[in-house]
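Colleague: In this note's numbering, the protein residues as written are 107 to 297.
Here it is: the structure, laid out below.
Structure representation (structure tokens):
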């Protein structure tokens, strides 16, 4: 983090650098790649969800057609539609095997690293308190007290416009809520 702050402030870098690498250009390149990757991932997830929604819509239409069928030709048409849906699912299977797995693993990795950020930042105030401040002068003790106060709240990445933290408990809550809503909607579908 100090490296990023130093780069943004134009200060001398505390890390080893190579003379042939312009660190600001490298930093801008990494930021550009990060934003581009995020945009591509969001596009992929949206496309994947849209395709799944289309399949669900086609299945709902097939169900309605099956309930309304009256003769041999209607049945044959429904079977043809079902085969088309199955063929489409087989075609997009490779798209989902790799892509959705990568998105899922990336999400899990992000949650784990965010939790590491929270856990490690929570250790800072204890590390300050554990330092050798007992025999120090009053100004040092006052500064230690202020520093402990500043670091008492763990760092967290805020999501949703700053509404909630990106953490494992929030992720579990979102999954539980999504499952509850899904179960509720399934219950309404039975009626």
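The C-beta atom is built at its ideal place from N, Cα and C for all residues, glycine as well.
(1) Count the other CB atoms within 10 Å of the CB of residue 174; is the residue buried (16 or more) or exposed (fewer)?
(2) How is residue 271 classed by DSSP in three states: helix, strand or coil?
(3) Throw me the rounded Cβ distance for the residue 258 and residue 227 pair, which I believe falls under 8 angstroms.
(4) On a Cα-Cα basis, can you pick out the residue from 272, 171, 221 and 133 that is closest to residue 183?
(5) Report the rounded CA-to-CA distance for residue 84 versus residue 189, giving the unit in angstroms.
(6) Residue 165 and residue 191 look like a contact to me (Cβ under 8 angstroms); what is the Cβ gap, rounded to whole Å?
(7) If you compare alpha carbons, which of 224, 250 and 277 is closest to residue 236?
(8) Determine contact between the segment 271–284 and the segment 238–245, defined as no fewer than three beta-carbon pairs at a distance below 8 angstroms.
(9) For residue 220, count the other beta carbons within 10 Å of its own beta carbon; 16 or more makes it buried, fewer makes it exposed. Which is it?
(10) Would DSSP call residue 172 helix, strand or coil?
(11) Could you tell me the alpha carbon to alpha carbon distance between residue 224 and residue 262, rounded to whole angstroms?
(12) Does residue 177 pass the burial test, meaning 16 or more other C-beta atoms within 10 Å, or should it be called exposed?
(13) Taking the straight line between their C-alpha atoms, what separation do you get for residue 214 and residue 138?
(14) Using only the alpha-carbon positions, how far apart do residue 149 and residue 167 sit?
Modeller: Looking at the coordinates:
(1) Residue environment: residue 174 is assigned as exposed (fewer than 16 neighbouring CB atoms within 10 Å of its CB, all protein chains considered).
(2) strand
(3) Rounded, the Cβ-Cβ distance is 10 angstroms, inconsistent with contact.
(4) Closest option to residue 183, Cα to Cα, is 171.
(5) It is not possible to answer for residue 84, since the shown part of the chain is limited to 107 through 297.
(6) 7 angstroms
(7) 250
(8) no
(9) buried
(10) helix
(11) 6 angstroms
(12) exposed
(13) 23 angstroms
(14) 27 angstroms
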